[in-house]
Every structure is written in structure tokens, then in C-alpha cells.
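Student: Dropping a structure here in C-alpha cells format, bear with me for questions.
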Ligand SMILES: Cc1cc2nc3c(=O)[nH]c(=O)nc-3n(C[C@H](O)[C@H](O)[C@H](O)COP(=O)(O)OP(=O)(O)OC[C@H]3O[C@@H](n4cnc5c(N)ncnc54)[C@H](O)[C@@H]3O)c2cc1C
């Protein structure tokens, strides 16, 4: 539903109402940047907390607890007198009436709308894969992945003790972007270093981690030398990297592969999805042009066409600068959020709005204990690997983490975990069944997986480690 840019429809004497959808990086930065403007701000999020997504994989692999990386949105803005928080889900946007519809039934009017609802997993039209192969986006996803990974070791130990064999402890991670690389490295890490003294019947170090990607290199958005470095460091850690390998089917306990270098049908105790993202469906409700992932095409004032009082930020925005699309990572979301106040402030003064420009400081991804790759672009340019990149990653993440308590807690946990070789958040909560495990148990120890073993080196023997 498009509309022409129109003057604010605010009541005389009332302050403009700014409604922000999403308390992620974009939304929180927008709200904070508006703290000292004469506007009424409402943040709406379906969750009561802001999640620091770059550290979610550490919750998934039992390094950190959820509360270390998530903060209640209400407490982040508690000192901002002009800001209120609503925990609710936005289900509709009417740009003509200038209001958003909430799941609870309420309609919230706005003068300015900031849409920072982010993105979610894309299974490329195969939503049925999601139950067998969860992705990582929320705290709930992270605790579910933690449950599955830890449970696989527990079930293997129990089955080994009772029957003298267990289904293969294969962990298949699909997608070789930063999240896939971090998950694969972290699973090898936990198996290699952190659990080796904890079991009596299985050897966790023999768990296999396979990282599958359909492309020709990992971390495709990074410079090629860093992709090569990441692959080398992952392989040194014991991760099997398989490029040119497309996933064609997923069912509990199994991954079917095709592409230029297929691996056949892989047996998997745990399957994790890190292969694709799609934009929040709210983008399409604005009625403007969207790209193939559903991101809203915005101009240099972050407006969709003909909607001067609507700003789209972060992962949901398709913003092109110098001929290239700005990536869906945290820095652009934060910078776009900060820019919202500059534009609204210009409007309130009757001045010309400044154009948004993204300032790229670089990207980084961790590969396990003490290893990372970093494409640093500011304050100097460098391609880093190994320990220096890991130390830079650590410093930057502590710096950007929201909340003083969280920074101290994370720093303390990292130091403790690093020296003690323990993972303090190794809790299995909820259901004690692992999708596909029972079927693999019923198939018995003699079922051949030789076809897979021959190509991948995955342990086909279903016997003792
Ligand atoms: C596992 C993982 C690791 C990552 N690692 C890195 C990294 O190392 N470095 C980096 O720069 N970036 C990383 N990213 C990307 C980065 O986190 C995102 O680019 C960033 O969070 C985008 O910010 P955003 O504000 O657009 O959306 P988000 O931070 O995703 O926030 C969106 C918010 O909107 C809310 N919301 C959505 N729909 C609705 C609705 N209908 N109603 C109400 N609320 C709604 C959500 O609950 C959420 O709070 C990672 C992402 C993931 C998932």
C-alpha cells in the first residue's frame, strides 16, 4: 500500500510519534539515537529482549548462557523518558492510515515508522526440513541446538554402555558462511577439548563434523585468501569441509546430497542449517519494491519509494552504495539506526535530511579456540588469521555487547573456559529425544554406511570408538 510523501499528521502541540518495529541492532540504535529529540518513541518487539546474535553460536555450544547475550529491551531504554516498549507481534502495516496492527488486536498510530524486523532462515522452499535441521537466529534456536548437540553425546554414551555400539556421532552443518563456519568449529572444539575427560564409554574426540557448502569456497563474502585460511584452520581442527556439495533432501538423521561433488546420503546425529536467510514478511506489507529475498529497496534516506515517513533498516533493507548492496550484518543495522535521528531531527528543524552512508570497518568470523579470520578495513587495512584475528574478534564483541553486566559475565566466562577447558552452560533442558536417533538405533550396528565412508572418511563403523 504505497502513498505519497505527506506532511506529518500529528495533533497540534503533540510530539511526533515514532513507532519502531524490532528491538534488534537497528531498532535499538534508532531508539537510543532518538532519546533527546522531542518525539514519543514506541518500540514493538515480539520478544522482551534484544539478542546479540553474533554470540548466539556460543550459547548453542554451551560456552555462554542466554542471559549473557540477551538484554531486556525495557531495561536498555529504562532511562529514556520519551520511550515505551510493547511486547507484541506486528501483523499488519497500513501506510495510508499510518498505523500498525498488533497480534493482540491493538492498532498503533504513527507519524514516523521505523521497520527493523530483520530476517529469518530460508530453507529455499523446503520448510519441511526445518524440524530436522534447525537454524540459528534466536535464543530459543540456540538452546535447541545446544540440547541436540549435548544429547547426541549423552545418547551415544548410554547406548554404548548398554549395547556396545552407537550410531555414528556425525554432526552435519549446512552452509559455509560465518554462522556455519562458527558452528562447525565450535562443535569440533567442544568434542576435541572440552568433553574429552567427561565420558567413560565413548571418545567424544572421534565425533565427526562435516561442513557442507554448494559453492567453491567458504565465507564467500570474504576475500579469497581469508576463505582459504578459514578452511585450512577448520581442517586443522578436524572439521571435514565439503565444497560443491548441495543438499537435496533432509529427514531426521539423514542428509541427501547432490551438486558437482555429492557425498550421497549422509547419516547424521545432528543436522544444523546455516545456509540461507529471507527478510521479514513485514517488508512486503509496505507495498514497495523488494528483492528476491524480500528485502525492501530503499533510497539514501532509507525510505521505500514514496514513503518519506517510513524508514527500513538493517537486514530488512536493500541499500546499495557505490554499486554494491550493503551486507546484512550488525554494523549497517546499527549505523542505519543512528541515522534515523539525524533525519527526523532535520525534519523537525525544517532542514534537508542528510543522506545515509555506510562506513565499513570490516568483518570477522571465529573458527574455534583461539582462531579466527578478520577482514579489517578500519582503523587500518589487514587480512588477519589465527590468534591475532581471534583476539581482535574477542575485543570487538565485548565492546559491542549491550550491558555492563553482560560484558563482565562474558569476559569472565571466556577467561574461565579458556584456562579450565570447561563449558559451564552445558545444560540439557526439555525433551530427551533426538530426531532420527531412534531410527538409527533400530537400523542396528551392521547397517552399512560404506558408500558414505568411502567418500567422506566418516566413520562407517557403528561400533565402539
Ligand atoms: C547466528 C548469527 C550470527 C551472526 N553473526 C554476526 C557477526 O559475527 N557479525 C555481524 O556483523 N553480524 C552477524 N550477524 C548478523 C546480525 O546479527 C544482523 O545483521 C543484525 O542482527 C540485523 O539487525 P536488525 O536490527 O536488522 O535485525 P535483528 O537484530 O534480527 O532484529 C529484529 C527484531 O525484530 C523483531 N521482530 C521481527 N518480526 C517482528 C514482528 N512481526 N513483530 C514484532 N517484532 C518483530 C525480532 O524479534 C528482533 O528482535 C549474525 C546473525 C546471526 C543469526
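Numbering (the UniProt record's numbering), first residue to last: 1 to 465. Where a beta carbon is used, it is the ideal one built from N, C-alpha and C, also for glycine.
#1: Please name the residue in 119, 171, 227 and 115 whose C-alpha comes closest to that of residue 308.
#2: With a Cβ-Cβ cutoff of 8 Å, do residue 147 and residue 422 count as a contact?
#3: Report yes if the CB atom of residue 189 is closer than 8 Å to the CB atom of residue 368, and no otherwise.
#4: If you measure between the beta carbons of residue 385 and residue 396, is that distance less than 8 Å?
#5: Could you compute how far the alpha carbon of residue 262 sits from the alpha carbon of residue 254?
#6: Is any non-hydrogen atom of ligand 1 found closer than 7 Å to the C-beta of residue 46, if you look at the structure I gave you?
#7: If you drop the 5 nearest sequence neighbours on each side, which residues of the same chain put their C-beta closer than 8 Å to that of residue 290?
#8: Considering only heavy atoms of ligand 1, does any lie closer than 7 Å to the CB of residue 54?
#9: Consider the C-beta atom of residue 83 and the heavy atoms of ligand 1; say whether any pair is separated by less than 7 Å.
#10: What number of angstroms, rounded off, separates the C-alpha of residue 218 from the C-alpha of residue 286?
#11: With 16 as the cutoff for other CB atoms within 10 Å, does residue 42 come out buried or exposed?
#12: DSSP three-state call for residue 389: helix, strand or coil?
#13: As a quick exercise: from 80, 126, 305 and 91, pick the residue whose alpha carbon is nearest that of residue 251.
#14: Taking 7 Å as the cut-off, does the CB of residue 157 come closer than this to any heavy atom belonging to ligand 1?
#15: Residues in its own chain within less than 7 Å of residue 71 by CB, not counting five upstream and five downstream?
#16: Ligand 3 and residue 137: does any heavy atom of the ligand fall closer than 7 Å to the residue's C-beta?
#17: Can you give the Cα-Cα distance for residue 45 and residue 273, rounded to whole angstroms?
#18: Output the distance between the C-alpha atoms of residue 16 and residue 34, rounded to the nearest integer angstrom.
#19: Could you have a look at residue 92 and say whether DSSP puts it in helix, strand or coil?
#20: Would you kindly report the start and end of the unbroken alpha helix (DSSP H) that includes residue 84?
#21: Measure the Cβ-Cβ separation of residue 176 and residue 215 and say whether it is below 8 Å.
#22: Buried or exposed for residue 380, please, with buried defined as at least 16 other CB atoms from any protein chain shown within 10 angstroms of its CB.
#23: Residue 315: beta carbon under 7 Å from a heavy atom of ligand 1?
#24: Specify, as a first and last residue, the run of the beta strand (DSSP E) that residue 265 falls within.
#25: Rounded to whole angstroms, what is the Cα-Cα separation between residue 465 and residue 30?
#26: Helix, strand or coil: how does DSSP classify residue 170 here?
#27: In whole angstroms, what is the alpha-carbon distance linking residue 335 and residue 117?
#28: CB-CB under 6 Å to residue 20, same chain, minus the five flanking residues each way: which ones, in chain order?
#29: For residue 100, count the other beta carbons within 10 Å of its own beta carbon; 16 or more makes it buried, fewer makes it exposed. Which is it?
#30: For the alpha helix (DSSP H) containing residue 473, name the first residue and the last one.
#31: Looking at ligand 1, does it come within less than 7 Å of residue 234, judged from the CB to the closest heavy atom?
#32: Can you tell which of 137, 36, 80 and 76 has its C-alpha closest to the C-alpha of residue 56?
#33: Between the alpha carbons of residue 355 and residue 300, how many angstroms are there, rounded?
#34: Span of the beta strand (DSSP E) holding residue 413?
#35: Express the C-alpha separation of residue 82 and residue 106 in angstroms, rounding to a whole number.
#36: Is the beta carbon of residue 441 less than 8 Å from the beta carbon of residue 167?
Tutor: Inspection of the coordinates gives the following:
#1: 115
#2: no
#3: yes
#4: no
#5: 14 Å
#6: yes
#7: 279, 283, 284, 296, 297 and 318
#8: yes
#9: no
#10: 35 Å
#11: buried
#12: helix
#13: 126
#14: no
#15: 49, 50, 402, 403 and 406
#16: Ligand 3 is absent from the structure shown, which contains only ligand 1.
#17: 25 Å
#18: 11 Å
#19: strand
#20: Here residue 84 belongs to no alpha helix (DSSP H); instead the beta strand (DSSP E) covers 83 to 87.
#21: yes
#22: exposed
#23: yes
#24: 265 to 267
#25: The predicted position of residue 465 is uncertain, since its pLDDT is 35 and thus under 50; a value taken from the coordinates is nonetheless stated next. Spanning the two alpha carbons is a distance of roughly 53 Å.
#26: strand
#27: 15 Å
#28: 27, 30, 31, 43 and 114
#29: buried
#30: As displayed, the chain neither begins before 1 nor continues past 465, which places residue 473 out of reach and without an answer.
#31: no
#32: 137
#33: 5 Å
#34: Segment 404 to 420 is the alpha helix (DSSP H) holding residue 413; no beta strand (DSSP E) there.
#35: 21 Å
#36: yes
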